[in-house]
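**Student:** Pasting in a structure now, in structure tokens, and then I'll have a few things to ask.
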Amino acid sequence: MSKNKGVVCDMEESDLITDAKTFAAEELDKQLPSQEISKNIKLRLEAKYGPTWHVVVGTEFRAAAGYQAKHMIFFPMGVAGRQAVLAYRTQ
Numbered sequence: 007m008s009k010n011k012g013v014v015c016d017m018e019e020s021d022l023i024t025d026a027k028t029f030a031a032e033e034l035d036k037q038l039p040s041q042e043i044s045k046n047i048k049l050r051l052e053a054k055y056g057p058t059w060h061v062v063v064g065t066e067f068r069a070a071a072g073y074q075a076k077h078m079i080f081f082p083m084g085v086a087g088r089q090a091v092l093a094y095r096t097q
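The working numbering puts the first residue of the sequence shown at 7, with every later residue one more than the last.
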């Protein structure tokens with residue numbers, strides 16, 4: 007199985023990709039409600055990379071959003087990839 011299965015990403019900066027996945031994994035481990043997880047990931051991304059980030063965490067969702075080029079990632083997380091995280095930056 008590919009390590010990046012289900013990942014949609016247009017980020018070039020590998021540290022940003024790593025941080026997004028690490029922040030998400032750490033927040034999911036806390037077993038908080040999805041809204042809290044989203045808020046915490048957003049705050050961590052903004053603290054390190056500046057504003058303005060938007061984060062959606064859930065088990066089933068669709069999204070259409072305009073975002074800053076090279077600043078979007080969507081990836082499965084959690085038990086058997088049942089949760090997903092979408093993070094993107096706007097200007």
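Glycine is no exception: its CB is placed at the ideal position from the N, C-alpha and C atoms.
Can you give me the C-alpha to C-alpha distance between K27 and A90, rounded to a whole angstrom?
**Tutor:** 11 Å
**Student:** By the three-class DSSP mapping on this structure, what secondary structure does F80 have?
**Tutor:** strand
**Student:** Are the beta-carbon atoms of Y94 and A71 separated by less than 8 Å?
**Tutor:** yes
**Student:** Evaluate contact between the segment 44 to 54 and the segment 68 to 83, counting only Cβ atoms and requiring at least three cross-stretch pairs below 8 Å.
**Tutor:** no
**Student:** Around the Cβ of S44, are there at least 16 other Cβ atoms within 10 angstroms (buried) or fewer (exposed)?
**Tutor:** buried
**Student:** What ranges does the beta strand (DSSP E) occupy inside the segment 36 to 76, keeping only unbroken runs of at least 3 residues that lie completely in it?
**Tutor:** 59 to 64
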